[in-house]
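The structure under discussion appears below in the form of structure tokens.
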Amino acid sequence: MTATTIAPTVAPPHRAEVRGPSLLRLTAVELRKLADTRAGRWLLATLALASAVMVVVQLSVLADERQTFTEFFGPQLIPTGLLLPVLGILSITSEWSQRTALTTYTLVPRRERVIVAKLAAVVLAALASVLVSLAIAALGTLVAGATGGAGTWTFEAARLPYAVAFQVLNVLMGAAFGLLLVNTPLAVVTYLVLPTVWAMLSGMVAALREPARWLDTSVTMEPLLGPTMTADQWGRLAVSVLVWVALPLVAGLVRTLRREVS
Amino acid sequence: MIQVEHLTKRYGGRAAVDDVTFTCAPGSVTGFLGPNGAGKSTTMRMICGLASPTSGTATVAGVPYRRLPNPGREIGVLLDASAQHAGRSGREVLALAAATMGVPRREVDVKLDLVGLGEAAARRRVGAYSLGMRQRLGLAHALLGDPRVLVLDEPANGLDPEGIFWMRGLLRDFADRGGSVLLSSHLLREVEAVADRLVVIGGGRIVAQGGTDELLAGAGTLVRARDGAALGRALAAAGLEASPQPGGGLLVRADPDPVGQAAAVAGVALTELRPAGGGGLEQLFLSLTGGTTTKETTA
Chain A
51 MTATTIAPTV APPHRAEVRG PSLLRLTAVE LRKLADTRAG RWLLATLALA SAVMVVVQLS
111 VLADERQTFT EFFGPQLIPT GLLLPVLGIL SITSEWSQRT ALTTYTLVPR RERVIVAKLA
171 AVVLAALASV LVSLAIAALG TLVAGATGGA GTWTFEAARL PYAVAFQVLN VLMGAAFGLL
231 LVNTPLAVVT YLVLPTVWAM LSGMVAALRE PARWLDTSVT MEPLLGPTMT ADQWGRLAVS
291 VLVWVALPLV AGLVRTLRRE VS
Chain B
285 MIQVEHLTKR YGGRAAVDDV TFTCAPGSVT GFLGPNGAGK STTMRMICGL ASPTSGTATV
345 AGVPYRRLPN PGREIGVLLD ASAQHAGRSG REVLALAAAT MGVPRREVDV KLDLVGLGEA
405 AARRRVGAYS LGMRQRLGLA HALLGDPRVL VLDEPANGLD PEGIFWMRGL LRDFADRGGS
465 VLLSSHLLRE VEAVADRLVV IGGGRIVAQG GTDELLAGAG TLVRARDGAA LGRALAAAGL
525 EASPQPGGGL LVRADPDPVG QAAAVAGVAL TELRPAGGGG LEQLFLSLTG GTTTKETTA
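Which chain is which? The protein sequence lines are A and B, in order. Residue 51 is where the first sequence starts when you use this note's numbering, and the numbers rise one by one after that. Residue 285 is where the second sequence starts when you use this note's numbering, and the numbers rise one by one after that.
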């Protein structure tokens with residue numbers, strides 16, 4: 051009796067799906083968000099480009115006998131390790147600066163699940179960046195071999211998990227800063243100047259030299275770039291990670307859960 | 285179905301929303317009216333789990349919003365059409381939402397089509413959209429999960445008259461199929477044509493609520509005659525209470541039927557006879573607007 055002659059414009063309301071989105075699905079969505087804007091694609095491209103430029107420079111300046119896979123792989127981690135935290139920060143803060151938090155948290159009111167998915171997405175990005183570094187190092191080695199460099203493939207196996215740990219910690223630290231500080235420029239600047247502040251303070255104040263060895267992540271993470279880590283170095287790393295990654299992550303998560311979205 | 289009970293939100297000492305209770309039933313469009321800063325958006329944010337109430341409850345389909353397992357399939361929400369990443373295309377915005385909700389990808393094109401965003405518009409960055417296009421995208425986003433409930437905050441903002449007409453039809457259709465719609469506006473005229481019920485809020489408190497017809501009818505009849513004095517005497521003789529209006533004519537607290545009859549009996553020629561429409565409500569509305577928005581910043 052109520053059938054209208056006008057073509058239906060809205061699908062009839064029906065029994066809604068009861069199951070919520072799985073963490074896997076949310077992670078896939080967050081991965082997609084990393085690359086679905088021009089700004090995001092530029093950042094990812096810059097990450098790869100920084101690695102490539104590093105190797106090209108090495109090919110032209112390094113002595114022939116030093117043009118090895120290990121030499122090409124290690125130094126790439128530094129520029130990548132500087133950019134990955136920016137990716138981590140942006141993945142969290144852009145939801146607020148672009149105000150997409152409004153739709154994101156309306157679709158997934160259990161905000162902690164979104165945060166976990168975001169962390170998973172940036173960790174996957176960090177893993178991918180190590181793969182890209184390996185590939186670019188391999189290319190560099192091939193080119194070196196063809197152009198008179200050593201081109202040797204020797205590589206201590208321990209370097210790989212260390213490199214993975216280095217990049218994963220970098221990206222998580224960025225995400226943690228983003229969660230805690232929310233504001234993009236504030237988080238980026240704080241993240242970037244922190245090591246400088248440590249270096250300056252521990253240079254001027256003698257009493258800070260010892261704490262810096264435990265708390266300055268640029269010092270504690272440095273051994274991860276080599277092939278070996280001592281128990282002492284692991285201890286210092288753990289302390290700095292607790293302070294600069296774990297604490298801001300927890301505090302930032304609490305802040306996000308309590309925050310009013312508008 | 286939305287149920288709001290004694291919902292209160294305080295910021296510091298100030299109550300932005302104060303003991304608000306109303307229901308949004310299936311098969312109806314509820315107009316949520318109030319001047320800017322009256323507490324409409326805050327109420328809607330609490331319904332959608334984006335803000336925690338200081339006290340009181342809000343439920344959607346009988347459950348607090350945050351406990352809905354997949355809210356987008358139950359309730360479509362459009363709180364701010366501009367709250368989208370400027371760098372994403374319209375289609376990408378919907379694709380992300382579809383992926384989150386587990387809605388088939390083809391629904392994205394169906395909904396884009398439904399709201400009248402063509403292929404070219406869908407591929408453009410949202411940053412390049414006009415406000416009207418953002419509203420259409422927001423509506424597509426809200427409808428994407430084929431929900432049974434819609435919550436829309438000022439969706440007519442930025443739409444042209446044709447767009448507003450189109451949206452009314454869409455919402456009417458949605459409600460006629462058993463859906464519930466909660467639609468906010470600061471303009472009475474904008475919602476009276478589509479809303480079955482009105483909830484009027486001012487200064488965080490509900491000042492009037494009821495059926496649209498009933499609220500508008502309460503306003504009486506506007507009548508006008510060339511000989512105003514004779515009309516006044518005729519109405520008085522019929523025992524009808526009349527008060528002069530600023531624009532001329534008389535506002536009578538009665539239906540048009542007895543008013544016309546009284547004039548005919550007295551032989552007074554009328555130049556106008558009509559229900560006063562939202563006159564009374566408009567008056568209430570203006571008093572709210574005058575009283576609150578000057579003091580509060582608009583949301």
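Here a beta-carbon is modelled for each residue, glycine too, at the ideal position from N, C-alpha and C.
Which residues, in chain order, does the region 73 to 87 of chain A contribute to contact with chain B at a C-beta distance below 9 angstroms?
Arg-75, Leu-76, Ala-78, Val-79, Arg-82, Lys-83, Asp-86, Thr-87
Determine the direct distance from the alpha carbon of B:Ala-406 to that of B:Arg-375, and round the result to whole angstroms.
Stepping through the second sequence from its first residue, residue 375 of chain B is reached at position 91. Stepping through the second sequence from its first residue, residue 406 of chain B is reached at position 122. If I take the Cα positions, the gap works out to 5 angstroms.
Which runs of the beta strand (DSSP E) at least 3 residues long sit entirely within the region 292 to 354 of chain B? Give them in chain order.
298 to 308, 312 to 317, 339 to 344
According to the Cβ coordinates, are A:Ser-312 and A:Thr-234 closer than 9 angstroms?
Position 262 of the first sequence, counted from the start, is the residue given in the question as residue 312 of chain A. Position 184 of the first sequence, counted from the start, is the residue given in the question as residue 234 of chain A. Their beta carbons are not under 9 angstroms apart, which means A:Ser-312 does not touch A:Thr-234 by this criterion.
Are any of the Cβ atoms in chain A nearer than 9 angstroms to that of B:Arg-390?
For the purposes of this step, residue 390 of chain B is taken as residue 106 along the second sequence, with counting starting at 1. So, not an interface residue.
Smallest Cα separation from B:Gly-512: which of B:Asp-539, B:Gly-523, B:Glu-498, B:Ala-547?
Here residue 512 of chain B is taken as the residue at index 228 of the second sequence, counted from 1. Selected option, being the one with the closest Cα: B:Ala-547.
Does the region 188 to 206 of chain A come into contact with the region 107 to 122 of chain A, if we say contact requires no fewer than three beta-carbon pairs (one atom in each stretch) closer than 8 angstroms?
yes
Could you compute how far the alpha carbon of B:Val-410 sits from the alpha carbon of B:Gly-371?
For this step, residue 410 of chain B is matched to residue 126 along the second sequence. For this step, residue 371 of chain B is matched to residue 87 along the second sequence. Those two C-alpha atoms are separated by around 6 angstroms.
Going straight from the alpha carbon of B:Glu-580 to that of A:Val-218, what length do you get?
For the purposes of this step, residue 580 of chain B is taken as the residue at position 296 of the second sequence. For the purposes of this step, residue 218 of chain A is taken as the residue at position 168 of the first sequence. Low confidence applies to B:Glu-580: its pLDDT is 43, below 50, so where it sits in the model is not reliable enough to give any reading.
Could you tell me whether the Cβ of A:Gln-148 comes closer than 9 angstroms to any Cβ of chain B?
Walking along the first sequence from the start, residue 148 of chain A turns up at place 98. Taking Cβ atoms only, chain B reaches closer than 9 angstroms to A:Gln-148, which makes this a yes.
So, do the region 397 to 406 of chain B and the region 418 to 434 of chain B have three or more beta carbon pairs nearer to each other than 8 angstroms?
yes
So is A:Arg-160 in contact with chain B if we call contact Cβ pairs under 9 angstroms?
In the first sequence, counting from the first residue as 1, residue 160 of chain A sits at position 110. Yes, A:Arg-160 counts as interfacial toward chain B.
Using DSSP's beta-bridge definition, name the partner residues of B:Gly-486.
Within the second sequence, residue 486 of chain B is the residue found at index 202, counting from 1. DSSP lists B:Arg-489 as partners of B:Gly-486.
If you draw a straight line from the C-alpha of B:Leu-380 to the C-alpha of B:Gly-531, how long is it?
As a first step, residue 380 of chain B is located in the second sequence; it is residue number 96 there, counting from the start. As a first step, residue 531 of chain B is located in the second sequence; it is residue number 247 there, counting from the start. Rounded to the nearest angstrom, the two C-alpha atoms are 54 angstroms apart.
Three-state class that DSSP yields for A:Gly-195 in the structure shown
Here residue 195 of chain A corresponds to residue number 145 of the first sequence, with the count starting at 1. Correct three-state label for A:Gly-195: helix.
With DSSP as the reference, label B:Ala-509 as helix, strand or coil.
Numbered from its first residue, the second sequence carries residue 509 of chain B at position 225. In the structure shown, B:Ala-509 sits in a strand (DSSP, three-state: E or B).
Assuming A:Leu-81 and A:Gly-90 make a contact with CB atoms under 8 angstroms, what is their CB distance in whole Å?
Counted from its first residue, the first sequence places residue 81 of chain A at position 31. Counted from its first residue, the first sequence places residue 90 of chain A at position 40. Not a contact, Cβ separation roughly 11 angstroms.
Can you check DSSP and say which residues form a bridge with B:Ser-527?
To locate residue 527 of chain B, count along the second sequence from 1; it is residue 243. The partner list for B:Ser-527 (beta bridge, DSSP) reads B:Leu-535.
Since B:Gly-360 contacts B:Gly-429 with CB under 8 angstroms, what's their CB separation in whole angstroms?
In the second sequence, the residue the question calls residue 360 of chain B occupies position 76. In the second sequence, the residue the question calls residue 429 of chain B occupies position 145. Right, the Cβ-Cβ distance comes to about 6 angstroms (below 8 angstroms), so this counts as a contact.
Is there a Cβ from chain B that is less than 9 angstroms from the Cβ of A:Gly-70?
As a working note, residue 70 of chain A is residue 20 in the first sequence. Yes - at least one Cβ of chain B is within 9 angstroms of the one on A:Gly-70.
In the DSSP output, which residue or residues are listed as bridge partners for B:Ser-373?
For the purposes of this step, residue 373 of chain B is taken as the residue at position 89 of the second sequence. Beta-bridge pairing links B:Ser-373 to B:Arg-409.
Three-state class that DSSP yields for B:Val-433 in the structure shown:
Position 149 of the second sequence, counted from the start, is the residue given in the question as residue 433 of chain B. DSSP places B:Val-433 in strand when its eight states are reduced to three.
Listed in chain order, which residues of the region 191 to 225 of chain A have Cβ atoms closer than 9 angstroms to some Cβ of chain B?
none
Compare the C-alpha of B:Arg-362 against each of B:Asn-441, B:Leu-482, B:Leu-565 and name the closest.
Counting from one through the second sequence, the residue named residue 362 of chain B turns up at place 78. A small correction: the amino acid at residue 362 of chain B is Leu; Arg does not occupy that position in the sequence shown. The candidate whose alpha carbon is nearest that of B:Leu-362 is B:Asn-441.
Determine, using beta carbons only, whether B:Leu-524 and B:Val-543 come nearer to each other than 9 angstroms.
Indexing the second sequence from 1 puts residue 524 of chain B at position 240. Indexing the second sequence from 1 puts residue 543 of chain B at position 259. Going by C-beta atoms, B:Leu-524 is nearer than 9 angstroms to B:Val-543.
Return the first residue and the last residue of the beta strand (DSSP E) that B:Gly-360 is part of.
As a working note, residue 360 of chain B is residue 76 in the second sequence. B:Gly-360 -> beta strand (DSSP E) spans 359 to 362.
Helix, strand or coil, according to DSSP, for A:Arg-69 in the structure here?
Sequence index remark: in the first sequence, residue 69 of chain A carries index 19 (1-based). In the structure shown, A:Arg-69 sits in coil (DSSP, three-state: anything other than H, G, I, E or B).
May I ask you to report which of helix, strand or coil DSSP gives B:Gly-551?
Counted from its first residue, the second sequence places residue 551 of chain B at position 267. Correct three-state label for B:Gly-551: coil.
Closer than 9 angstroms at the beta carbon, the chain B residues around A:Leu-307:
Along the first sequence, read from residue 1 onward, the residue named residue 307 of chain A stands at position 257. By Cβ distance, chain B contributes nothing, its closest Cβ being about 10 angstroms from A:Leu-307, past 9 angstroms.
Assigned exposure category for A:Met-254 - 16 Cβ within 10 Å defines buried:
On the first sequence, position 204 is the one that residue 254 of chain A refers to. Exposed, since its Cβ has fewer than 16 Cβ neighbours within 10 Å.
If we cut at 9 angstroms on Cβ distances, does A:Thr-153 have a partner in chain B?
One-based indexing of the first sequence puts residue 153 of chain A at position 103. A:Thr-153 counts as touching chain B.
Is B:His-425 helix, strand or coil by DSSP?
As a position in the second sequence, residue 425 of chain B is number 141, starting the count at 1. Helix, per DSSP.
When the Cα atoms are used, what is the spatial distance from B:Asp-480 to B:Gly-311?
One-based indexing of the second sequence puts residue 480 of chain B at position 196. One-based indexing of the second sequence puts residue 311 of chain B at position 27. Looking at the two C-alpha atoms, the distance is approximately 9 angstroms.
By how many angstroms is the C-alpha of B:Pro-319 removed from the C-alpha of B:Ala-583?
To locate residue 583 of chain B, count along the second sequence from 1; it is residue 299. To locate residue 319 of chain B, count along the second sequence from 1; it is residue 35. For B:Ala-583, the predicted model reports a pLDDT of 40, less than 50, meaning its position is unreliable; a value from the coordinates is still stated below. C-alpha separation (whole angstroms): 10 angstroms.
Whole-angstrom distance between A:Ile-142 and A:Tyr-212, CA atom to CA atom:
Residue 212 of chain A sits at position 162 when you count from the first residue of the first sequence. Residue 142 of chain A sits at position 92 when you count from the first residue of the first sequence. Cα-Cα distance, rounded: 25 angstroms.
CA-CA distance, A:Leu-226 and A:Leu-109?
To locate residue 226 of chain A, count along the first sequence from 1; it is residue 176. To locate residue 109 of chain A, count along the first sequence from 1; it is residue 59. One point to set straight first is that residue 226 of chain A is Ala, not Leu, in the sequence displayed. Distance between the alpha carbons of A:Ala-226 and A:Leu-109 is about 36 angstroms.
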